[in-house]
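Asker:
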Amino acid sequence: MELLKYYYISKINFKNSFVYVADSFAASLFIAFITFIFVNIWSVVFNASGSEIINGFTLPMMIWYLVMTESIITSQGKITIQIGQEIIRGDIANYLNKPYNYLVYKYASTIGASVTSFFITMFCAGAVALIMIGPLNFDFTIIPFIIITAFLGITLHFTMMSTLGVLALWLEDSRALDFLYQKILFVAGGMLVPLDVFPLWFSSICVLLPFSYAAYYPAVLFVRFSFELFIQTILIQLFWIIVTSLIALVLFNILSKRVSINGG
Amino acid sequence: MADNILSEIKSNFSMIKQYWIINAKTAIEYKGSFILQTITMFLNDLLWITFWWLFFGRFPLINDWTYNDILLLWAFGSIGFGLSGTFFGNKMNISELIAEGKMDYYLTLPKNVLLHTLISKVNWFACGDILFGVIIGGLIIKPEQLPLALFLMILSTALFTVFGIISGSLAFFIGNSQRISKTVYDCVVGLSIYPTNIYDGFARFILFVIIPAGLVTGVPVELMRNFNIDQLILMITVTIVFVIIAILFFYAGLKKYESGNQIYVNA
Numbered sequence: 006m007e008l009l010k011y012y013y014i015s016k017i018n019f020k021n022s023f024v025y026v027a028d029s030f031a032a033s034l035f036i037a038f039i040t041f042i043f044v045n046i047w048s049v050v051f052n053a054s055g056s057e058i059i060n061g062f063t064l065p066m067m068i069w070y071l072v073m074t075e076s077i078i079t080s081q082g083k084i085t086i087q088i089g090q091e092i093i094r095g096d097i098a099n100y101l102n103k104p105y106n107y108l109v110y111k112y113a114s115t116i117g118a119s120v121t122s123f124f125i126t127m128f129c130a131g132a133v134a135l136i137m138i139g140p141l142n143f144d145f146t147i148i149p150f151i152i153i154t155a156f157l158g159i160t161l162h163f164t165m166m167s168t169l170g171v172l173a174l175w176l177e178d179s180r181a182l183d184f185l186y187q188k189i190l191f192v193a194g195g196m197l198v199p200l201d202v203f204p205l206w207f208s209s210i211c212v213l214l215p216f217s218y219a220a221y222y223p224a225v226l227f228v229r230f231s232f233e234l235f236i237q238t239i240l241i242q243l244f245w246i247i248v249t250s251l252i253a254l255v256l257f258n259i260l261s262k263r264v265s266i267n268g269g
Numbered sequence: 049m050a051d052n053i054l055s056e057i058k059s060n061f062s063m064i065k066q067y068w069i070i071n072a073k074t075a076i077e078y079k080g081s082f083i084l085q086t087i088t089m090f091l092n093d094l095l096w097i098t099f100w101w102l103f104f105g106r107f108p109l110i111n112d113w114t115y116n117d118i119l120l121l122w123a124f125g126s127i128g129f130g131l132s133g134t135f136f137g138n139k140m141n142i143s144e145l146i147a148e149g150k151m152d153y154y155l156t157l158p159k160n161v162l163l164h165t166l167i168s169k170v171n172w173f174a175c176g177d178i179l180f181g182v183i184i185g186g187l188i189i190k191p192e193q194l195p196l197a198l199f200l201m202i203l204s205t206a207l208f209t210v211f212g213i214i215s216g217s218l219a220f221f222i223g224n225s226q227r228i229s230k231t232v233y234d235c236v237v238g239l240s241i242y243p244t245n246i247y248d249g250f251a252r253f254i255l256f257v258i259i260p261a262g263l264v265t266g267v268p269v270e271l272m273r274n275f276n277i278d279q280l281i282l283m284i285t286v287t288i289v290f291v292i293i294a295i296l297f298f299y300a301g302l303k304k305y306e307s308g309n310q311i312y313v314n315a
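Quick note, the sequences are listed as chains W and D, same order.
The first sequence stops at residue 269 when you use my numbering, and every number in between is there.
The second sequence stops at residue 315 when you use my numbering, and every number in between is there.
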């Protein structure tokens, strides 16, 4: 019963997201453009190498990998900034007297809206990949597994962003944190290129961090599925979701005690 | 006639000077936020070149471009973007000002509307870009190439500003266009931070002639690698043409502007 209200919040936001489909398409055009840039970069790299496979990836795998990471990472918008702004401006007070946990509410509403955004990005970036490179050699029976790991990736991305958003109370600038977090995802999360391309010492560090479980692993499973990797990935994703959620909730509880409402 | 033009130029310079003083005072007043944003953008750029360092570590040559060329590209990109954001920081808010009817403030004052709009806000993050660009540029640009590099940076700054004006002014014609304006501008910025020598055929024609986003950083890097007077003249010409297009586009749109009839504090 307690969770049912969050289900309805999610459902309402999912329905609402259809009102802003044109807006989501406009935002996805940029992602399609980035895909276009990387198709060109990888085409040059593959041509120069004279090989059809680089670090276990063919050209279509490289591009479709990027389509998946972009769809996961951009589907939720800038949660760090949203939460940070609500805390800094004091809007948070409007949520504290409601019969729900602010962070779980935020998660439910974000997940609802991000489903539409995820598929629109997938469609736009996928169209560029399909036209310029062609289809991925894809086994459609793995779709349920991909949905699970992508969903967990989106959830982990949310918990990491919300932790940083709550930190805005102390740093008083959530945009700065968001900037850095996004770039860390680019590099250590394998958002732009698979970690396999980077030196071993670097990718070995990255697999110990949570960022790669939001983008790299779901996308690798999408282009190169193995059941063992799937089980290992979702277990570690769950581990990091629990750890980062706990950090966010503890920080938020500390924050709630520091909020002073002056009325008006 | 000449006196009027001279007096208007003097008046505009005086306005620019006053805004710089106010903006500098604001930075000093909120120095914590200013320092944080500057450091953040510096680290942001540093992470980007770390990405390219790792990438070029694996693939040392991309169509004859080395990691040094990417650093040069980033020097032009970050200084051009940084100067544009510092001196014309309000360009990114043009679509919002139009959609929310907030252009009234600039229209009611006896100043150049476009110039006044552009200079009235500073993007403090851009200072981090300038710092980063100066350090990277200082490390890789040879002293004898410095005059050319500085001139090309001015052109890059003009092009970043021009694309900001054009993308923001879309709101005059299509209403609430913040998202589209941002997407258009992001595409230009996006193109300026990736290698530009990877396109050929139709894509190259589009990106270097029709929407010359490739000129912002790509052509400056090519000119630094192999100087070619024809390419420099072409870049100057295209920049001037786009500055004129941006000004005409803004003022054509301004005729369609409808006041929001709002009262707000511009502090």
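Yeah, the Cβ is synthetic: ideal placement off N, Cα and C, and Gly gets one too.
Where does L155(D) sit, in a helix, a strand or coil, going by DSSP?
Answerer: Three-state result, L155(D): helix.
Asker: Can you find a CB in chain W that lies within less than 8 Å of the CB of G238(D)?
Answerer: Chain W, which has a Cβ nearer than 8 Å to the Cβ of G238(D), makes this yes.
Asker: How close, in whole Å, do the beta carbons of S15(W) and I125(W) come, if the pair is a contact with beta carbons under 8 Å?
Answerer: Incorrect: roughly 18 Å between the Cβ atoms, too far for contact.
Asker: Residues of the stretch 204-232 of chain D in Cβ contact with chain W at a cutoff of 7 Å, in chain order, please.
Answerer: Within the stretch 204-232 of chain D, the qualifying residues are R227, I228, T231.
Asker: Counting C-beta neighbours from all protein chains within 10 Å, is the total for A72(D) 16 or more, i.e. buried, or is it exposed?
Answerer: That one is exposed.
Asker: Could you run through the stretch 49-74 of chain D and flag, in chain order, every residue whose CB is less than 8 Å away from some CB of chain W?
Answerer: For the stretch 49-74 of chain D, which is checked against every Cβ of chain W, not one residue is closer than 8 Å.
Asker: Among the residues of its own chain, which have a CB less than 8 Å from the CB of G269(W), if the five just before and after it don't count?
Answerer: Unreliable positioning characterises G269(W) in this predicted model, as indicated by a pLDDT of 49, which lies under 50. A coordinate reading is not provided.
Asker: Measure from the C-beta of I246(D) to each C-beta in chain W and report whether the shortest distance is under 8 Å.
Answerer: Yes, its Cβ sits closer than 8 Å to a Cβ of chain W.
Asker: Measure the alpha-carbon distance for K236(D) versus K103(W) and round it to whole angstroms.
Answerer: Rather than Lys, the amino acid found at residue 236(D) in this sequence is Val. Rounded to whole angstroms, V236(D) to K103(W) spans 43 Å at the Cα level.
Asker: Chain D partners of F128(W), CB-CB under 7 Å?
Answerer: Here the premise fails: no neighbours, minimum Cβ distance about 16 Å.
Asker: Between which two residues does the alpha helix (DSSP H) holding G128(D) run?
Answerer: G128(D) -> alpha helix (DSSP H) spans 115-135.
Asker: Using the beta-carbon of each residue, which ones in chain D are nearer than 8 Å to V133(W)?
Answerer: In chain order: nothing, as chain D lies at least about 12 Å away.
Asker: Tell me which residue opens and which closes the alpha helix (DSSP H) that M66(W) is part of.
Answerer: Element bounds for M66(W): 64-79.
Asker: For the putative contact between T287(D) and A32(W), defined by C-beta atoms under 8 Å, what is the C-beta separation to the nearest angstrom?
Answerer: Going by Cβ atoms, the distance from T287(D) to A32(W) rounds to 29 Å, so no, they are not a contact pair.
Asker: Between G128(D) and T205(D), which are expected to be in contact by the criterion C-beta below 8 Å, what is the C-beta distance as a whole number of angstroms?
Answerer: Contact holds; Cβ gap of about 5 Å.
Asker: Between which two residues does the alpha helix (DSSP H) containing E77(D) stretch?
Answerer: Counting along the chain, the alpha helix (DSSP H) containing E77(D) begins and ends at 50-77.
Asker: Could you tell me which chain D residues have their CB closer than 9 Å to the CB of A31(W), listed as they occur along the chain?
Answerer: By Cβ distance, chain D contributes S225, R227, I228, K230, T231.
Asker: State buried or exposed for D117(D), treating a residue as buried only when at least 16 other CB atoms are found within 10 Å of its CB.
Answerer: It is buried - the Cβ of D117(D) has at least 16 other Cβ atoms within 10 Å.
Asker: Please classify S90(D) as buried or exposed, where buried requires at least 16 neighbouring CB atoms within 10 angstroms.
Answerer: Residue 90(D) is actually Phe in this sequence, not Ser. With 16 or more other Cβ atoms within 10 Å, it is buried.
Asker: According to DSSP, which residues form a beta bridge with I59(W)?
Answerer: I59(W) is bridged to F62(W).
Asker: For W245(W) versus Y218(W), is the C-beta distance shorter than 8 Å?
Answerer: Yes, they are a contact pair.
Asker: Between the stretch 203-213 of chain W and the stretch 52-72 of chain D, are three or more C-beta pairs nearer than 8 Å?
Answerer: The stretch 203-213 of chain W is not in contact with the stretch 52-72 of chain D.
Asker: When you compare the CB of A251(D) with every CB in chain W, is at least one pair closer than 8 Å?
Answerer: So, interface residue.
Asker: Exposed or buried, what is Y12(W) when buried is set at 16 or more other beta-carbons lying within 10 Å of its beta-carbon?
Answerer: Exposed is the call here.
Asker: At the level of alpha carbons, what is the spacing between F184(W) and V225(W)?
Answerer: So the alpha carbons of these two residues sit roughly 25 Å apart.
Asker: Between which two residues does the alpha helix (DSSP H) containing G238(D) stretch?
Answerer: From DSSP, the alpha helix (DSSP H) with G238(D) extends over 226-240.
Asker: With three or more C-beta pairs closer than 8 Å as the rule, is the stretch 143-159 of chain D touching the stretch 234-254 of chain D?
Answerer: The answer is no - the stretch 143-159 of chain D does not touch the stretch 234-254 of chain D, with fewer than three Cβ pairs under 8 Å.
Asker: Within 8 Å (strictly less), CB to CB, does I103(W) reach chain D?
Answerer: In the sequence under discussion, the amino acid at residue 103(W) is Lys, which differs from the Ile named in the question. No, because no Cβ of chain D sits closer than 8 Å to the Cβ of K103(W).
Asker: What did DSSP end up calling I110(D) once you bin it into helix, strand or coil?
Answerer: Three-state result, I110(D): strand.
Asker: Taking Cβ-Cβ distances below 8 Å as the criterion, which residues of the stretch 92-116 of chain D are in contact with chain W?
Answerer: Going along the stretch 92-116 of chain D in chain order, one finds N92, L95, W96, T98, F99, L102, F103, G105, R106, F107, L109, I110, N111 with a Cβ nearer than 8 Å to chain W.
Asker: Here's a check: name, in chain order, each residue in its chain whose Cβ is nearer than 6 Å to the Cβ of I189(D), leaving out the five neighbours to either side.
Answerer: So the qualifying residues of the chain are A197.
Asker: Tell me the rounded alpha-carbon separation between F135(D) and Y299(D).
Answerer: Each residue's alpha carbon lies about 20 Å from the other.
Asker: Return helix, strand or coil for Y305(D), following the three-state DSSP convention.
Answerer: Of the three classes helix, strand and coil, the one that applies to Y305(D) here is coil, per DSSP.
Asker: Nearest to F290(D) by alpha carbon, out of N274(D), I53(D), I213(D), V269(D)?
Answerer: Of the candidates N274(D), I53(D), I213(D), V269(D), the one whose C-alpha sits nearest the C-alpha of F290(D) is I213(D).
Asker: Please name the residue, chosen from L95(D), A123(D), V170(D), L131(D), that lies closest to Y388(D) on a Cα-to-Cα basis.
Answerer: Only positions 49 to 315 of chain D appear in the structure, and residue 388(D) is not among them; the question remains open.
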